[in-house]
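Just so we're on the same page, this note's numbering is the position in the sequence shown counted from 1, plus 10. By construction, the Cβ of each residue, glycine as well, lies at the ideal position given by its N, Cα and C atoms. Just below is one structure, and these are the notes that go with it.
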Amino acid sequence: MNPYTIFADIVAGRAPSSKVYEDDDVLAFMDIRPFTPGHLLVIPKIPARSLSELDPAVGGKLFQVGQQLAAALRTSEVGADGVNFFLADGVTAGQEVFHVHLHVIPRTPGDGFGLRGRPTTLPRADLDYLAGSIRGALDRNGNNS
Ligand code: AMP
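If you want it as structure tokens, here you go:
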């Protein structure tokens, strides 16, 4: 699959972006098609197509910078009253640009943004069964707590 994405060009300065934050590992800039005014993207500078390719330390930094941006969205002229984080990993999850990115979406009352989906109610036995399956996968991946 073609590893090129527009975000690599933004990191390299070959494509325009409206930056709000940059350090050695991470870049944050305005989303070109915002869900709400002030919608930001936080990306690793080293391309990773998916969460499985992303250095976990850099993944932690994406969240850390997201926290700082969330605070700035509340105190800047954006005037956010709340903030949503969103990350699409994989086509089925809605990922369109295959360079990991954390959406930081400022919220104001009545802004019209929302996630679609209907929560279901599962019996505890089903929850426990799936929890066991996921714990098993964590163990096999060497992530046991
Ligand atoms: P996703 O569906 O999670 O992969 O989201 C990709 C996001 O990247 C969308 O919200 C786009 O509006 C945004 N996007 C795509 N190209 C650019 C660009 N050149 N500058 C800023 N944001 C972009």
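Between the beta-carbon of Leu-97 and that of His-109 there is about 12 Å, and that puts the pair past the 8 Å contact cut. Gly-76 carries a helical assignment under DSSP once its states are collapsed to helix, strand and coil. Classified as exposed, Val-101 has fewer than 16 neighbouring CB atoms from the shown chains inside 10 Å of its CB.
Leaving aside the five residues that flank Val-93 on each side, the residues in its chain whose CB is nearer than 7 Å to its CB run, in chain order, Ala-80, Leu-83, Val-114, Ile-115, Pro-116, Arg-117. At a Cβ-Cβ threshold of 8 Å, Pro-47 and Val-68 do not count as neighbours. Nearest Cα to Ala-90 within the set Glu-106, Phe-123, Leu-37: Phe-123.
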